[in-house]
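A.B. asks: Structure in structure tokens, see below.
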Amino acid sequence: MSTLLFPVITFHLLTVCISYWVITAVYLASSGEAIYKVMSPDVSCPYANITCKPETFNQTNISTLAPCHHSQCLFAFYGGETSYHRNLFLLQLSNLLVFLWLVNFSLALEQCTLAGTFASYYWAKRKPQDIPTCPLLLSFNRAIRYHTGSLAFGALILSTVQLIRIILEYLEPKLKGADNSLSRFITHCLKCCFWCLDKLIRYMNRNAYIMVAIYGKNFCTSAREAFFLLMRNVVRVAVLDRVTDFLLFLGKVLIAGGVGVVTFFFFTRKIPIIQEEVPDLNYYWVPLLVRL
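Counting from -6, one number per residue, gives the positions in the sequence shown under the numbering used here.
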């Protein structure tokens, strides 16, 4: 029962990660200040487009110069001209990388913890005598105490690939307007390659975390052993993966279908016990579709 409740912990960790990323991104985006520049109708004004301050502009003699008549100190943009403001985009990318890293680390912690919990049950010779008390808590403690570096390293590799994919998605619409077909072709090839690499790393990381939880070795050793183990049983792994995917899909369909049937009978007042609690609806298909 405790393993069924552990995803709730992961959900709260992901909520904290998303909140951190949003707050940091907002602070970075709003860290600029109002920049004012000298606007002159004459392009020959030597002070045109120079930063100014509205409070002190009238005290200067810029507007009295011959080529700068009718010059004004007007708002130009929000930002700054320091190295910090010039590299604000890189700071946002760094914040995004940290966010992806934290999310993948939280998911890796969940996978390693659950793998250690199930391993405690699977490798117990005498059940339930050899099963430790609170195996989930013990597995979580081992993952935090001994395997944090392995989980963080695997999460960093996956986060780097995901960041590159996001950058490619960002560059793709900017290249659509260009006439360089070679750039668009290279971008599509890179997107396909990094998509495949993302799927491969996700799959290998999941199996590496299982090996880390069982044998307690570092990430690289566990990933290598997991890879060779999969290669020695490639047919069995392929069949089990397909069967497992089908069973999970069937479970999702049965759960969604069961909830949909119960919702239909509830809103159509075909359950005699709770007819008084049913609200009056003109179209019961809307909550039925939302429930599904």
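Cβ atoms here follow ideal geometry from the backbone N, Cα and C, with glycine treated the same way.
#1: In terms of residue numbering, what span does the beta strand (DSSP E) encompassing Val340 cover?
#2: Counting Cβ pairs, one atom from each stretch, are 3 or more of them under 8 Å apart for the segment 89 to 98 and the segment 139 to 152?
#3: Taking all protein chains shown into account, do 16 or more other C-beta atoms lie within 10 angstroms of the C-beta of His140, making it buried, or fewer, making it exposed?
#4: What's the call for Asn80, buried or exposed, on a 16-neighbour Cβ count within 10 Å?
#5: Which same chain residues, not among the five before or five after Leu168, have their C-beta less than 8 Å away from its C-beta?
#6: Verify whether the separation of the beta carbon atoms of Lys188 and Ala148 is less than 8 Å.
#7: Classify Cys127 as helix, strand or coil using the three-state DSSP reduction.
#8: Which residues in the same chain have their Cβ closer than 7 Å to the Cβ of Cys38, if we skip the five residues on either side of it in sequence?
#9: DSSP on Ala155, reduced to helix/strand/coil?
#10: Roughly how many angstroms lie between the CA atoms of Gly142 and Tyr208, to the nearest whole one?
#11: Taking the alpha carbon of Ser99 as the reference point, which residue from Lys120, Leu6, Phe212 and Ile248 has its own alpha carbon closest?
#12: Whole angstroms is fine: what's the gap from Lys128's alpha carbon to Gly250's?
#13: Taking all protein chains shown into account, do 16 or more other C-beta atoms lie within 10 angstroms of the C-beta of Ser(-5), making it buried, or fewer, making it exposed?
#14: Is Trp53 helix, strand or coil when you go by DSSP?
#15: From which residue to which residue does the beta strand (DSSP E) around Ile28 run?
#16: Using only the alpha-carbon positions, how far apart do Ala216 and Glu162 sit?
C.D. replies: Let's see:
#1: This structure cannot speak to residue 340, because the chain is shown only from -6 to 285.
#2: yes
#3: buried
#4: exposed
#5: Ser176, Arg177 and Thr180
#6: Note that residue 188 is Trp in the sequence shown, not Lys. Their beta carbons are not under 8 Å apart, which means Trp188 does not touch Ala148 by this criterion.
#7: coil
#8: Pro60, Cys61 and Ser64
#9: It should be pointed out that residue 155 corresponds to Gln in this sequence rather than to Ala. Three-state result, Gln155: helix.
#10: 15 Å
#11: Leu6
#12: In the sequence under discussion, the amino acid at residue 128 is Pro, which differs from the Lys named in the question. Between Pro128 and Gly250, the C-alpha separation is close to 34 Å.
#13: exposed
#14: Checking the sequence, you will find Thr at residue 53 rather than Trp. If DSSP states are grouped into helix, strand and coil, Thr53 belongs with coil.
#15: Glu26 to Met32
#16: 29 Å
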